[in-house]
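Okay, so here's the structure we're looking at.
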Amino acid sequence: MDFQPTPEHNLIREAARKFAEQELAPGLAERDRAHQSDSESLKKMARSSFLGVSLPAKYGGTDSDYISLGIVCEEFERVDTSFRVVMSVHSGLHCLTLLQWGTAEQKQRLLAPLAKGEKIGAFALTEPNAGSDAINIRTRAENRGSEYVLNGQKSWISLSDYADQFLVIAQLDGNDRSEKKHVALIVDRNMQGFSSRPIKGKLGVRAGNTGEIFFDDVRVPVENRIGDEGDGFKVAMSALDHGRYTVAAGSVGISAACLQACVKYANERTVGGEPIGKKQLVQQMIANMSAACDIGRLLYFQVGWMKNAGLRHTREVSLAKWQNCNMAFQSAHDAIEIHGAYGYCDEFPVERHFRNSRGAMIYEGTREIHTLVQAEYALGYRQDRPLKRTLPKWPFGDDA
Ligand code: CAA
């Protein structure tokens, strides 16, 4: 067992931190206040190769390992959740799923432009009436031989207005509903019958784009089907293995940002002639934030290591996502407490981290779903069997 980050990990952390602070942070607080997303940060990430992190060089990716993706997520979320969401949706849910399930032809045709940042990918599973109950989605795909005809609606889709293509999970039409056969399709924004609409008034991630997407007789060529007919739910669940990893890693960034802000504030703010950092109740909260960073990193590094080794990690990633999101929320909650009234307004970033951290306890599996899943593993009701298609091991071989 080796807990030492490699020189490459240190380099990518340094590069991601510098990029996030210098290129992404300017103007962020104002955009968050105005509920305004923009495409500029996507272009900057593309230009700096961040959209190809942890993808093989043969598709134009950086060839870095899967832990590197987690590190980038942590550093981006230290600045703001909206930037990590781009990595979650494009790199985690979309690109890694294509890498896992795509045929050689699909990887060349669909993955290469994404890895180079020429295109942006997103993921569409959730619907107005199916969130946790993902198996009972209602979007329907009818097989007409050379194409599928897609009808339905997806909700709470990150990058709905910016992504060029979506990994869409649908029920296969014509099946007995009790069979619940699903299909996964890549839908291009330019396909006739596709439309999107932003969702307004979110509590957090206000600088990020979230919305609904609609399919009205969208004709999707059969070449865009990911996996076999009937594999759609498995494709969705493996996408969540990747997405939850990025959320778990990003949540550490919130705890780290809160710790940094609180250490500074607790050393500057005085009460009764001494810094509040000397007060034991403040120390308790700082100690918890510090622990959240270290425990959170261990949890997501373990998952990254399992990805590198080509091991199934559904249980471990659920645990990391569940715990890290809870700890990030607690860190942000305590950070407001330490900042007192200043923490309650947007003069300090902790108020934004608090709002942002709440969302991650809902998306990519609610706190309740992960609690139940972990209990089921512990009780022996659930176990991870070998997968039909696995993510390629790192270092990437010719078969990646
Ligand atoms: N990889 C591959 N296959 C998997 C898998 C994985 N990680 N997990 C399960 N499967 C397979 C299983 O092997 C099983 O196949 P077999 O029948 O052949 O064995 C099949 O999929 C069904 O699996 P389960 O029995 O585990 O399914 P379940 O019905 O018990 O799952 C659940 C229940 C865990 C609650 C699941 O529905 C779930 O995770 N729900 C939450 C959904 C969610 O997180 N939604 C968020 C969407 S993304 C988002 O938030 C928006 C965004 O834009 C970011």
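When you number the sequence shown by the working numbering, it's gap-free, plus one each residue, and the end is 1214.
By construction, the Cβ of each residue, glycine as well, lies at the ideal position given by its N, Cα and C atoms.
Predicted, not measured: the structure shown is a model, and the values here were computed from it.
Heavy atom of ligand 1 within 6 Å of residue i beta-carbon
{"i": "MET1051", "result": "yes"}
{"i": "LYS1048", "result": "yes"}
{"i": "ILE1027", "result": "no"}
{"i": "SER1069", "result": "no"}
{"i": "GLY916", "result": "no"}
{"i": "ASP877", "result": "no"}
{"i": "ALA948", "result": "yes"}
{"i": "THR953", "result": "no"}
{"i": "TRP970", "result": "yes"}
{"i": "ILE1183", "result": "yes"}
{"i": "ASP816", "result": "no"}
{"i": "GLY1179", "result": "yes"}
{"i": "ASP1055", "result": "yes"}
{"i": "LEU1201", "result": "yes"}
{"i": "THR1128", "result": "yes"}
Sub-7 Å separation of residue i and residue j beta-carbons
{"i": "PRO856", "j": "ALA929", "result": "The sequence given here has Leu at residue 856, not Pro. No, Cβ-Cβ distance for LEU856 and ALA929 is not below 7 Å."}
{"i": "SER863", "j": "THR876", "result": "yes"}
{"i": "SER969", "j": "GLU888", "result": "no"}
{"i": "GLU891", "j": "ILE1068", "result": "yes"}
{"i": "GLY1022", "j": "SER896", "result": "yes"}
{"i": "GLY1057", "j": "VAL1049", "result": "no"}
{"i": "SER1052", "j": "ALA1142", "result": "no"}
{"i": "THR1128", "j": "ASP1045", "result": "no"}
{"i": "HIS1167", "j": "CYS1072", "result": "yes"}
{"i": "HIS904", "j": "LEU842", "result": "no"}
{"i": "MET839", "j": "VAL900", "result": "As written in the sequence, residue 839 is Ala, which differs from the Met given in the question. Not in contact: ALA839 and VAL900 (Cβ atoms no closer than 7 Å)."}
{"i": "LEU999", "j": "ARG952", "result": "no"}
{"i": "ARG1020", "j": "ASP846", "result": "yes"}
{"i": "HIS1184", "j": "TRP1136", "result": "yes"}
{"i": "VAL886", "j": "ALA830", "result": "yes"}
{"i": "TYR1114", "j": "GLY884", "result": "yes"}
{"i": "ALA1134", "j": "ALA1062", "result": "yes"}
{"i": "LYS1202", "j": "GLY1124", "result": "no"}
{"i": "ASN1122", "j": "ASP816", "result": "no"}
Under the three-state DSSP convention, the category residue i falls into
{"i": "ASN1081", "result": "helix"}
{"i": "LEU869", "result": "coil"}
{"i": "GLN967", "result": "strand"}
{"i": "LEU981", "result": "strand"}
{"i": "ILE1027", "result": "strand"}
{"i": "ARG898", "result": "helix"}
{"i": "PRO1012", "result": "strand"}
{"i": "ASP846", "result": "helix"}
{"i": "ALA1174", "result": "coil"}
{"i": "MET961", "result": "It should be pointed out that residue 961 corresponds to Glu in this sequence rather than to Met. Here GLU961 sits in strand by DSSP."}
{"i": "GLU932", "result": "coil"}
{"i": "ILE951", "result": "coil"}
{"i": "ASP1002", "result": "strand"}
{"i": "VAL1019", "result": "coil"}
{"i": "HIS823", "result": "helix"}
{"i": "ALA1142", "result": "helix"}
{"i": "LEU986", "result": "strand"}
{"i": "ALA1155", "result": "helix"}
{"i": "SER974", "result": "coil"}
{"i": "PRO927", "result": "helix"}
{"i": "GLU1161", "result": "coil"}
{"i": "GLU1037", "result": "helix"}
{"i": "ALA938", "result": "strand"}
8 Å Cβ shell around residue i - same chain, five flanking residues per side excluded
{"i": "LEU925", "result": "LEU869, TYR873, CYS909, LEU912, LEU913, GLY916"}
{"i": "GLY959", "result": "VAL1036"}
{"i": "THR1084", "result": "ILE1090"}
{"i": "PHE1047", "result": "ALA948, ILE949, ILE983, LYS994, HIS996"}
{"i": "SER1104", "result": "LEU1073"}
{"i": "ASN1140", "result": "MET1175, ARG1181"}
{"i": "PRO1200", "result": "ARG1126"}
{"i": "GLU835", "result": "VAL893"}
{"i": "MET1005", "result": "VAL1032, ARG1033, VAL1034"}
Own chain, CB closer than 7 Å to residue i, minus 5 neighbours either side, in chain order
{"i": "VAL1096", "result": "ALA1080, ILE1090, ILE1152"}
{"i": "ASP1030", "result": "ASN965, GLY1007"}
{"i": "GLU1165", "result": "ILE1150, GLY1157, TYR1158, CYS1159"}
{"i": "GLU956", "result": "TYR962, VAL963, ASP987, GLY988"}
Beta-carbon proximity list for residue i, same chain, < 6 Å, skipping 5 on both sides
{"i": "TYR1059", "result": "VAL1117, VAL1131"}
{"i": "ALA1269", "result": "Nothing about residue 1269 can be read from this structure; the chain reaches only from 815 to 1214."}
{"i": "SER974", "result": "SER1010, GLY1025, ILE1027"}
{"i": "VAL1214", "result": "Here residue 1214 is Ala; the residue named in the question, Val, does not match the sequence. If we look at ALA1214 and ignore the five residues flanking it on each side, its Cβ neighbours are PRO870, PRO1206."}
beta-carbon residue i near ligand 2 non-hydrogen atom, thresh 6 Å
{"i": "LEU939", "result": "Because ligand 2 does not appear in the structure shown, any question about it cannot be addressed here, the ligands present being ligand 1."}
Self-check item: Touching by the beta-carbon criterion (3+ pairs, under 8 Å), the stretch 949 to 968 and the stretch 902 to 921
Solution: no
Practice problem: Spell out a yes or no on whether the stretch 937 to 944 and the stretch 979 to 986 are touching, meaning 3 or more CB-CB pairs, one atom from each, closer than 8 Å. | Solution: yes
Quiz item: Does the stretch 1183 to 1199 come close enough to the stretch 1101 to 1114 to have 3 or more Cβ pairs within less than 8 Å?
Solution: no
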